[in-house]
Structures are given as C-alpha cells and as structure tokens.
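What follows is a short report on a single structure.
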Amino acid sequence: MKPLEPFFTVSDYLIQRLHEAGLRDVFTVPGDYVARWFDYIDDKDRNDGYQLTRLGCRSELEAGYAADAYGRINGISCAAVTYGVGAFSLLNPVAGSYVERVPTVAISGSPGTSDTDRPFARTYKILLHHATGNYEADRNAYEDITAEAIIISDARQAPAMIDGALGAALSQKRPVYIELWRQLWDAECARPVGALTIPALPVDQDAVKAAAAHVAGLIKTAANPLFWGGIEVQRYGLQSAFAGLVDQTGIPYVTSLLAKSVLAETHPGFIGTYTGPSSDYSTYTTVENADMVVVTGDLLTDDYEGFVSKDFSQMVVAYDGTVRVGEAYYFQVPLAAFISALSDALQGTGKREPWAVKGPAVIDPDFKPFPPDAITYARFFQRMLTWVDADMTLVPDESSSMYVSCNIPVNRANGFVSEAAWGSIGYASAAALGLSVAAPDARPVVFAGDGGFQMVAQTVSTMALYRRNPIIFVMVNTIYGIEQALTNDKAYTEGQPFNAFNVIPYWDYAGLAVALGAKGVRVTTLTELENALTTVKADLDSVWLVQVNLPADDIPQEILRLATNEPPSPPAVG
Ligand SMILES: Cc1ncc(C[n+]2csc(CCOP(=O)(O)OP(=O)(O)O)c2C)c(N)n1
9 MKPLEPFFTV
19 SDYLIQRLHE
29 AGLRDVFTVP
39 GDYVARWFDY
49 IDDKDRNDGY
59 QLTRLGCRSE
69 LEAGYAADAY
79 GRINGISCAA
89 VTYGVGAFSL
99 LNPVAGSYVE
109 RVPTVAISGS
119 PGTSDTDRPF
129 ARTYKILLHH
139 ATGNYEADRN
149 AYEDITAEAI
159 IISDARQAPA
169 MIDGALGAAL
179 SQKRPVYIEL
189 WRQLWDAECA
199 RPVGALTIPA
209 LPVDQDAVKA
219 AAAHVAGLIK
229 TAANPLFWGG
239 IEVQRYGLQS
249 AFAGLVDQTG
259 IPYVTSLLAK
269 SVLAETHPGF
279 IGTYTGPSSD
289 YSTYTTVENA
299 DMVVVTGDLL
309 TDDYEGFVSK
319 DFSQMVVAYD
329 GTVRVGEAYY
339 FQVPLAAFIS
349 ALSDALQGTG
359 KREPWAVKGP
369 AVIDPDFKPF
379 PPDAITYARF
389 FQRMLTWVDA
399 DMTLVPDESS
409 SMYVSCNIPV
419 NRANGFVSEA
429 AWGSIGYASA
439 AALGLSVAAP
449 DARPVVFAGD
459 GGFQMVAQTV
469 STMALYRRNP
479 IIFVMVNTIY
489 GIEQALTNDK
499 AYTEGQPFNA
509 FNVIPYWDYA
519 GLAVALGAKG
529 VRVTTLTELE
539 NALTTVKADL
549 DSVWLVQVNL
559 PADDIPQEIL
569 RLATNEPPSP
579 PAVG
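Take any residue in the sequence shown, note its place counting from 1, add 8, and you have its number in this note's numbering.
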C-alpha cells in the first residue's frame, strides 16, 4: 500500500467528523475511486480516539440496508462505495432511508480533474470507467432522495461542505450523499474547528402554541381520544417525552407498523400495532372506536388509506414540522416542541380512565386445514409468541410474515425493525447485519420470505465473516406469496393457479448457509421446528439460517384480510 500522507487529510477530516457525529462502523464495497479512504480507516495508528471500523459487504444493496438499520439504532450510519456502479446500486437503500427518516451518509469517490481524469478523458474522447459521461449524474440521482447531495472538488471547501452535510443529516434525520474527487482523499485539509453544529429545525412559537391549544381543546372534549406513536418519536429521541404524554393523560396509544416498539409494549396504555384490516381485533376496533386520533410523528402510507380517508377531518397528524388538525395546518412545529406544548396545554386536565385496553396477543389460525404436523405461517407465529425473548430484535421482511409478526408483543423499545413504508424485499436479512453491529446484545431474528432472501442471500457470508449471530428464518413457499395474495387472493381461497411470475425456484437454503460459512437447518414438521428452535437459541455465537418449509398454498389470514379489506373477527373464546 502507498504510505498514508504524514499530514492531516480530507480522509481524516471525514473520519473525525463522522466519529464525532456518533458513527463507529462503516459498511463498504471497494472500488478504485473510493478505496484510498479505506486505507485511512483501516490504519489503526491514525485518528487516535476517532477510529472507525470498516465492514466489507458482498454488495452495495447489502451495505446500504445494513447501514440503514444500524442508523435506526445508532442515530447515524455510513455506507461507502465507488462511483457509478457502486453509487447507483446504493440508490434503493438510500431511498428507503430517506422515506423512513434515517440519517445514513452515503459516500462515493469519483474521478476528479487531475491529469489522468477528466481533461485526459476529454482530450482523447474516452469514457472514464463507471462514468455515464455526465459527471454530475450520480449526484443528480441522489438529489431527490437525500437532505443534501454534494460533490467535493476542493480540499479547502471540504470542512464546511462535510460539516454542512452531516448537520443536515442529523437535523432532518435524512440521508446525505457526499461524493469526493478521488485525489482529495490524500489532500491536506484543515483540522475540525469547534464542535460539529447540528442546525436547529425552524420553530414558529406562535404556531406551536396555537397547534397545541387547538389539539388540547379537541382532546378535552373527545370521548375516546387515541395517540398513535410514530417513527419521529424514535428518530428524534422523544421516547420519554411521548411516554410522558401517554402517562400524564391516560390516553391509550397504538403504533404504526413502521414505528412498532417505539416504546416497550409493556408500557401502560399500549393497545397494539395498527395495520388496517390486517390488525388484530382489539387494535382494529380501538382505532375504529376512537373519535379522535393524534398521530405523533408518523408518515401515513397507503396501508392506512381506509383510515385516513374515513377520519381525515377528525385526526391530528404531527409530522415533519407540520401539524395538521383536520383541515387546519400549523407550520414550523417540530415534534419535540409540539409534544412539550401539548403536555403543557393539558396540565390540570387530569388523567383519564382508559376507554380501551389491550387484548390478548393474537395470531390468526390457519385459513384452511393443513396436515397436523405441517408448519404453517399461523402455527409458526403462534409458537413465536412464546419463543422470542425481550433481548431479541425482530426483523420481518416485506413479505407475508411482516403483517403477522407485528402482532408479537415486543417488550423492549426498538426491539422491532421493519422497512414497512419503503418495503424493499431483502432489506431485513441485510438489516440484521447492521443491527448486530449497532446493538450486539440484542440478537436479530429475521422473518424473511424466500423471494426476499434470494435478493441478498450473500449477507449470511458477511455475518459469518464478522462473527455476528443473527437467526434468519427463511419462510419457504416458493411463491412471492404476499404479491400473489394482493393480485389474486383466489389462488389461495379458491385454488386458482398462481401467476407464473410469482413462482420462484426452490433453494437448499440450509445447505447454502453452510456454503456461506454459517450454520443451517431445514425444518418441515412441527417436531423438527421445535428441535431447531432449541438449538439455535442455545447457540449464541453463530449465525443460523432456519429453512422453514411451508405448504405452497398456505398464506396467513392477516394477509388475506389485507387483500380483501375484510376487518378482523373477534378471537375465538377458549
Ligand atoms: C426490491 C423489491 N422488488 C420487488 C418488490 C415487490 N414485491 C413486494 S412483496 C414481493 C414478494 C415477497 O415474496 P417473499 O419474499 O417470497 O415473501 P412471502 O410473501 O412469500 O412470504 C415482491 C416481489 C419489492 N417490494 N421490493
């Protein structure tokens, strides 16, 4: 390796400011435009007190998903890749971070203007490798899915530009894209001056007071008000403020699927995770019976279309600096200010008796008879109700399992991570890598569909390489099941054929896990499942893949309800 420069470089600046922002680990895929930065990260004698650990990933998709999940727990994350081929592959995870409010720093190295780069290319009319021909193309692609997308082309501007981008990420809880001309990794740079500044969000105090007074007035006259805990509560570190509001008022609360586990679900007043018609009965009926819902820091996706269109004028939505009260809007009201002002405005109102209480945890039974020893979604997730521990983090993938596993009680804040709004299949498996690095004491347990797992299977190799210990349940039905149910549920309920495009190949997943350096076990009967559950739980030091073979014609009832928009029925007694 070419020796590192003896002076302080742009590479060092970036490392130190990222460290100061709270970063400790970087998920990477090399390429010549970015690799020099990795030399600076990997040199353990450099940047004493600010060192980062680099984890090499098998693909940019994996690095991006892992970084996103790491950022949800750690408060900031970083994926570093090379120009063009790497940066464009990283777009999907970064778009997910944008939508779901994760401050991921996407870093790319790019061709610069040294003699060997752009002028050379212009003179000889050649295209530099990984370039589209438009040297703004990568940054432009990131512009719409980041708080800031910048190209640093001058070492003297690097400190201000890096500080600006990191500040934007941390204040807006959104990703940023930082591209550096490759010769700058070794360029001399000023050292950081003072602490990194995180710009405060704009606040209009009059609007804050007016919004809080408006909402408090409605809460006071409502018979059945309901809080809805959202992701901003977690992203902005407002968990105890939100818990305080719930405790002070005695108003029950639900969470969205995206924000599930925003507080430990043992918290008084918690009803359940609301997912529209696929919710459990008590959660669904509580939302139905509420005469006013205060959505506290959440984005509302089309999973909630029915709820929003029916209750638009009776709901309050505080999100992204705006509070909507029915048809009235209050701008420049960040969530922290809103919660605090609402709490003040409700002082002296007294604590209510709960008008709704949490029902029992329910996983719907099989939708039709299956052989008694077969593993079905329903039987598997009913078993999970007692198998999972509070020290596990549940990570369902966008799949049939997501809308079922959200009914498992999670007795620890941040004990459930899902990419429920962006919904990129494969996310969960690579996310488990990031979670296992960000929170090594909370063992990630993934519920992946086989289709989603096939997108990022190699992540198991990275987990084994870095001695992580996630457990990945791959739910094998050889179908894009949720897709099939949503496009034609009669394939399940009336035996109509599956759409050919939803049928996927069967893999030997347990064998694949072994080939990738992990441990694998295949289960087809309930007895085999039981044995595997004991084995994998006891082995805390390995990554385990449990291949769960399901009947191909099985689908959870929760998904059928999603497909047909049928509300849940009361659980059977006894
Ligand atoms: C990256 C990406 N590609 C395509 C989709 C569309 N999609 C949504 S769910 C799904 C199928 C998931 O199937 P699988 O992982 O096998 O889970 P199952 O529902 O069968 O349990 C697909 C293809 C997506 N969400 N993300």
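From the three backbone atoms N, C-alpha and C, an ideal C-beta is built for every residue, glycine too.
From a predicted model like this one, the values you see are computed outputs, not experimental measurements.
- With a threshold of 6 Å, the Cβ atom of Ile383 does not count as near ligand 1, since no heavy atom of the ligand is closer than that.
- Between the C-alpha atoms of Pro362 and Val556 there is a straight-line separation of about 41 Å.
- Assigned with DSSP and collapsed to three states, Lys181 falls in coil, not helix or strand.
- Per DSSP, Asp33 lies in no alpha helix (DSSP H) segment; the continuous beta strand (DSSP E) that holds it begins and ends at 33 to 36.
- Considered as a whole, the stretch 10 to 35 harbours 18 to 28 as its complete alpha helix (DSSP H) runs of no fewer than 4 residues, in chain order.
- In this structure, Val18 and Ala163 form a Cβ contact; the two beta carbons are roughly 5 Å apart against a cut-off of 8 Å.
- Under the three-state reduction of DSSP output, Glu566 falls in the helix class.
- By alpha-carbon distance to Asn148, the top candidate from Leu99, Asn477, Arg420, Leu253 is Leu99.
- Relative to ligand 1, the nearest heavy atom lies less than 6 Å away from the CB of Gly457.
- Look at Tyr41 here: in three-state DSSP terms it is coil, with no helix or strand label.
- Rounded to the nearest angstrom, the gap between the Cα atoms of Gly334 and Leu558 is 45 Å.
- The alpha-carbon separation between Leu246 and Val302 amounts to approximately 16 Å.
- For Thr229, there are no CB contacts under 6 Å within the same chain when 5 residues up- and downstream are skipped.
- Between Asp33 and Asn55, the gap from beta carbon to beta carbon reaches 7 Å or more.
- Note on geometry: alpha-carbon atoms of Arg199 and Thr274 lie some 47 Å from one another.
- In the same chain as Glu68, and ignoring 5 residues on each side of it, the C-beta atoms closer than 6 Å to its own belong to Val37, Val89, Gly94, Ser97, Leu98, in chain order.
- In this chain, the alpha helix (DSSP H) harbouring Phe96 covers 93 to 97.
- One thing to note: Val551 has its Cβ within 7 Å of the Cβ of Arg476.
- Of the candidates Arg243, Leu226, Met300, Ala231, Met300 places its Cα closest to the Cα of Val262.
- Of the heavy atoms belonging to ligand 1, none sits nearer than 6 Å to the Cβ of Gly104.
- Boundaries of the beta strand (DSSP E) harbouring Glu156: 156 to 160, taken from the DSSP string.
- DSSP, read as helix, strand or coil, puts Tyr150 in helix.
- In its own chain, leaving out the 5 sequence neighbours on each side, no residue places its CB closer than 6 Å to the CB of Gln462.
- Residue ranges of uninterrupted beta strand (DSSP E) with 3 or more members, entirely inside the stretch 409 to 482 and ordered along the chain, are 451 to 457.
- By the neighbour-count criterion, in which 16 or more other beta carbons inside 10 Å mark a residue as buried, Thr205 falls on the exposed side.
- In the DSSP assignment, Arg332 falls within the unbroken beta strand (DSSP E) covering 330 to 333.
- Take the alpha-carbon of Asp374 and the one of Ala438: they are about 30 Å apart.
- Between Ser118 and Tyr91, the C-beta spacing is below 7 Å.
- By the neighbour-count criterion, in which a residue is buried when 16 or more other Cβ atoms sit within 10 angstroms of its Cβ, Asn485 is buried.
- Pairing His137 with Tyr41, the inter-Cα distance amounts to about 10 Å.
- Sorting Gly329, Lys359, Pro167 by C-alpha distance to the C-alpha of Gln213 places Gly329 at the top.
- Taking each of Phe455, Ala446, Phe509 in turn and checking the Cα distance to Gly434, the smallest one comes out for Phe455.
- By the 16-neighbour rule on beta-carbons within 10 angstroms, Pro210 is exposed.
- In the structure shown, Ala349 adopts helical secondary structure according to DSSP, grouped into three states.
- Listed in chain order, the non-local C-beta contacts of Ile159 below 6 Å within the same chain comprise Arg147, Glu187, local neighbours out to five positions each way being set aside.
- Distance from the C-beta of Tyr91 to the nearest heavy atom of ligand 1 is not below 6 Å.
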